[in-house]
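See below for the structure under consideration.
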Amino acid sequence: MRKPIIAGNWKMNMNPTETREFVNAVKNELPGSNDVEAVIAAPALDLTTLIDTAKDSVLVPAAQDASEFDSGAYTGQISPKVLSEIGAKYAIIGHSERREYQHETDAQINAKAKALFNNNVLPIICVGETLEQREAGETEDFVATQVEGALNGLTADQVKVAVIAYEPIWAIGTGKTASSEQAQAVCAHIRATVAKLYDQDTADALRIQYGGSMKPNNVKELMAQPDIDGGLVGGASLKPDSFLELVHYKD
Ligand code: PEP
18 MRKPIIAGNW KMNMNPTETR EFVNAVKNEL PGSNDVEAVI AAPALDLTTL IDTAKDSVLV
78 PAAQDASEFD SGAYTGQISP KVLSEIGAKY AIIGHSERRE YQHETDAQIN AKAKALFNNN
138 VLPIICVGET LEQREAGETE DFVATQVEGA LNGLTADQVK VAVIAYEPIW AIGTGKTASS
198 EQAQAVCAHI RATVAKLYDQ DTADALRIQY GGSMKPNNVK ELMAQPDIDG GLVGGASLKP
258 DSFLELVHYK D
């Protein structure tokens, strides 16, 4: 059985003081770690505060990006080696905001995934189409190409422990959620793509999140879909109360 994974993506919000306050407000109210994995992807500058404050709790720390290089002349980048050393379990890679503003390519995202695995940090790989692509009927082909590009050269054992986040770009931060049927259809297509690239066992182990205006009032319906194993949540993860409602969607 795939363990549900609800991950907050704070984006460039929150400072160390706010991070400490948030973690102290949620850390004793989280569901058991066998039930739902509760993750916060904090800005790099808040990560050590998050990790220190969350220790002895089940809250799982994550980064929002990682370099494809461990160290060197890469000004401003975030080392996957250091993420591992400080205790980040996951790093989001290929978020649509980075694909758009930093012009990240599938090849780069693939290199980042490999660098993370080399350092025992697990990637949360974001994929998703624009509204134009959806309207042109290109969603499934486009998302399958992103998945294939991101996973290129990874072993089945690596893919089994990776996470893919399906985030239709038109639903991110817009208040427009994909319907649970739309989200399920693409998540099922991602799993079928992985089964074709690897095998059914690998596809069945891989966890797939939906992201795009997930909120306390739609989480239950989205999480009831057979191929949706979690959520990647922006806006609704910034307040302790709504984050707690999301991770307790089963209650
Ligand atoms: C995101 O940034 O990954 C996201 C899904 O944002 P929001 O939940 O605010 O749409």
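If you count the sequence shown from 1, you need to add 17 to reach the numbering used here.
Every residue gets a Cβ at the ideal spot worked out from N, C-alpha and C, and that includes glycine.
Practice item. Compute the distance between the beta-carbons of L171 and A130, then report whether it is under 8 angstroms. Key: The count along the sequence shown starts at 1 and reaches residue 171 at position 154. The count along the sequence shown starts at 1 and reaches residue 130 at position 113. Result yes, Cβ atoms of L171 and A130 sit closer than 8 angstroms.
Point to revise | 8 angstroms Cβ cutoff met for V144 and V176 | key: Numbered from its first residue, the sequence shown carries residue 144 at position 127. Numbered from its first residue, the sequence shown carries residue 176 at position 159. Going by C-beta atoms, V144 is not nearer than 8 angstroms to V176.
**Study point:** Check whether D246 and P48 have beta carbons under 8 angstroms apart
**Key:** By one-based count along the sequence shown, residue 246 stands at place 229. By one-based count along the sequence shown, residue 48 stands at place 31. Going by C-beta atoms, D246 is not nearer than 8 angstroms to P48.
**Study point:** Sequence ranges, beta strand (DSSP E) only - wholly within the region 112 to 156, length at least 3
**Key:** 139 to 144
Review point. Can I189 be considered in contact with ligand 1, in the sense that its beta carbon sits closer than 7 angstroms to one or more heavy atoms?
Key: Translated into the one-based positions of the sequence shown, residue 189 becomes position 172. Yes; taking the cut-off as 7 angstroms, the Cβ of I189 has a heavy atom of ligand 1 nearer than that.
Point to revise | Straight-line gap, E121 to I186 (C-alpha atoms, nearest Å) | key: The residue labelled residue 121 in the question sits at position 104 within the sequence shown. The residue labelled residue 186 in the question sits at position 169 within the sequence shown. Looking at the two C-alpha atoms, the distance is approximately 15 angstroms.
**Study point:** Rounded C-alpha distance that separates A71 from Q217
**Key:** The residue given as residue 71 occupies position 54 in the sequence shown. The residue given as residue 217 occupies position 200 in the sequence shown. Distance from the CA of A71 to the CA of Q217, rounded to the nearest whole angstrom, comes to 36 angstroms.
Practice item. Please determine if the region 95 to 103 and the region 32 to 45 are in contact, where contact requires at least 3 C-beta pairs separated by less than 8 angstroms. Key: no
Practice item. Let me know the secondary structure DSSP gives V264 once reduced to three states. Key: Residue mapping note: residue 264 aligns to position 247 of the sequence shown, counting from 1. Helix at V264.
Point to revise | Cα-Cα separation, N135 to N169 | key: Indexing the sequence shown from 1 puts residue 135 at position 118. Indexing the sequence shown from 1 puts residue 169 at position 152. Near 15 angstroms, if we compare the C-alpha coordinates of N169 and N135.
Exercise for review: Just grab the DSSP bridge partners of G247 for me.
Suggested key: Your numbering for residue 247 matches position 230 in the sequence shown. DSSP lists I22, Q226 as partners of G247.
Exercise for review: Return the chain-ordered ranges of every beta strand (DSSP E) run that is complete within the region 173 to 241 and spans a minimum of 3 residues.
Suggested key: Listed in chain order, they are 180 to 183, 224 to 228.
Review point. CA-CA distance, K270 and G89?
Key: Coverage of the chain is limited to positions 18 through 268, which leaves residue 270 absent and any answer about it impossible.
Check your understanding: Between I269 and A167, is the Cβ-Cβ spacing less than 8 angstroms?
Key -> Since the first residue of the chain shown is 18 and the last is 268, residue 269 is not available in this structure.
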